[in-house]
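Protein chains in written order, with the working numbering: chain A, 7 to 122; chain B, 28 to 139.
Just so it is clear, CB atoms sit at the ideal spot from N, CA and C, and this is done for glycine as well.
Remember, it's a predicted structure, so these values are computed and weren't measured experimentally.
Here's the structure we're looking at; comments come further down.
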């Protein structure tokens, strides 16, 4: 069955510190992988995506993620966190098929708090 | 280019009533998906529409239904509301199936 696991429910970091949010997935085929961010009371904003090719993908707001097939992981990183990064982060695997279907399976999310 | 818009942003209903939520996708996007977000169950896929046809459906009861119009706008309907239907309902659009999805701000439904 397709699933996404985000092991860390809540993470607190100091402003300026580096960040890594973990994501593991279970999917039978080559996955499409995404990271979204959600601020309180808002919808989801796409940070980055992996469809194929280079396993290190760059996203918006200085985020990057690395796809590791052998570990079934797609961890999100940022070298220096800003206070405005405080939000909830969701990893998702896409059950996508061009001309067929479109469905995202989300992890439970990781809530990030940033200390000044 | 305008993003995905959802109306209304907030709704309060009572048990047994029905509700209709609306979603306007990004211009040029033909696929619209709906998700339910609750603290207990997280983000769950409801259904997806493409060119006015339901392509895929999640594991929700028949009280949850939707449709898509020729201009790609979509509506979802929940009949006989239950307390557990209180949630943030998110709509997402994509150019086609197999592409990344862009989300609207959501409709916060409260059932009393």
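Taking residue 71 of chain A as the query, report the chain B residues whose CB atoms sit under 8 Å from its CB, ordered along the chain.
Start at 1 with the first residue of the first chain, and residue 71 of chain A comes out as number 65. Neighbours of residue 71 of chain A on chain B: none; closest Cβ ~14 Å, over 8 Å.
Three-pair Cβ contact test at 8 Å for the stretch 40 to 49 of chain A versus the stretch 47 to 56 of chain B:
no
Chain A residues whose Cβ lies nearer than 7 Å to that of residue 129 of chain B:
Looking up residue 129 of chain B in the second chain gives position 102. Those within 7 Å of residue 129 of chain B in chain A are 52.
For residue 30 of chain A, which of A/82, A/51, A/17, A/68 has the nearest alpha-carbon?
Position 24 of the first chain, counted from the first residue, corresponds to residue 30 of chain A. Nearest option by C-alpha distance: A/82.
Can you confirm whether the stretch 83 to 99 of chain A touches the stretch 57 to 70 of chain A when touching is taken to mean that 3 or more C-beta pairs between the two stretches lie within less than 8 Å?
yes
Three or more beta-carbon pairs under 8 Å between the stretch 50 to 65 of chain A and the stretch 121 to 133 of chain B, yes or no?
yes
Look up residue 184 of chain A in the DSSP assignment and say whether it is helix, strand or coil.
Here chain A covers residues 7 to 122 and nothing more, so residue 184 of chain A does not appear.
Which bits of chain B does residue 112 of chain A rub up against, with CB to CB less than 7 Å?
Sequence index remark: in the first chain, residue 112 of chain A carries index 106 (1-based). By Cβ distance, chain B contributes 69, 70.
Where do the ends of the beta strand (DSSP E) carrying residue 120 of chain B lie?
As a first step, residue 120 of chain B is located in the second chain; it is residue number 93 there, counting from the start. Start and end: 114 to 121.
Span separating the alpha-carbon of residue 14 of chain A from that of residue 73 of chain A:
Residue mapping note: residue 14 of chain A aligns to position 8 of the first chain, counting from 1. Residue mapping note: residue 73 of chain A aligns to position 67 of the first chain, counting from 1. So the alpha carbons of these two residues sit roughly 18 Å apart.
Please list, in chain order, the chain A residues whose beta carbon lies closer than 8 Å to that of residue 121 of chain B.
Numbered from its first residue, the second chain carries residue 121 of chain B at position 94. Neighbours of residue 121 of chain B on chain A, chain order: 108.
Which chain B residues are close to residue 55 of chain A, counting only those with a beta carbon under 7 Å from its beta carbon?
As a working note, residue 55 of chain A is residue 49 in the first chain. By Cβ distance, chain B contributes 127.
Would you report the Cα separation of residue 22 of chain A and residue 118 of chain A, rounded to the nearest angstrom?
Along the first chain, one-based indexing puts residue 22 of chain A at 16. Along the first chain, one-based indexing puts residue 118 of chain A at 112. Approximately 14 Å, taken between the alpha carbons.
I think residue 72 of chain B touches residue 93 of chain B, with their Cβ atoms under 8 Å apart; what is that distance to the nearest whole Å?
Here residue 72 of chain B corresponds to residue number 45 of the second chain, with the count starting at 1. Here residue 93 of chain B corresponds to residue number 66 of the second chain, with the count starting at 1. Not a contact, Cβ separation roughly 12 Å.
Listing by chain order, which chain B residues have their CB less than 9 Å from the CB of residue 115 of chain A?
Here residue 115 of chain A refers to the residue found at position 109 of the first chain. Here the neighbours are 69, 70.
Interface residues of chain A around residue 60 of chain B at Cβ under 8 Å?
If you number the second chain from 1, residue 60 of chain B lands on position 33. Within 8 Å Cβ-Cβ: 108, 109, 110.
Would you please verify whether the beta carbon of residue 64 of chain A is less than 8 Å from any beta carbon of chain B?
Here residue 64 of chain A is taken as the residue at index 58 of the first chain, counted from 1. Taking Cβ atoms only, chain B never reaches closer than 8 Å to residue 64 of chain A, which makes this a no.
DSSP state of residue 85 of chain B mapped onto helix, strand, coil
As a working mapping, residue 85 of chain B is identified with position 58 in the second chain. Of the three classes helix, strand and coil, the one that applies to residue 85 of chain B here is coil, per DSSP.
Tell me which residues of the stretch 24 to 53 of chain A have at least one Cβ-Cβ distance to chain B shorter than 9 Å, keeping chain order.
38, 40, 42, 44, 47, 48, 49, 50, 51, 52
For the putative contact between residue 137 of chain B and residue 45 of chain B, defined by C-beta atoms under 8 Å, what is the C-beta separation to the nearest angstrom?
Residue 137 of chain B sits at position 110 when you count from the first residue of the second chain. Residue 45 of chain B sits at position 18 when you count from the first residue of the second chain. The Cβ separation is near 15 Å, so there is no contact.
Beta-carbon separation (whole angstroms), residue 60 of chain B vs residue 79 of chain B, contact threshold 8 Å:
Working through the second chain from its first residue, we reach residue 60 of chain B at position 33. Working through the second chain from its first residue, we reach residue 79 of chain B at position 52. In fact, because the Cβ distance is near 14 Å, the residues do not count as touching under 8 Å.
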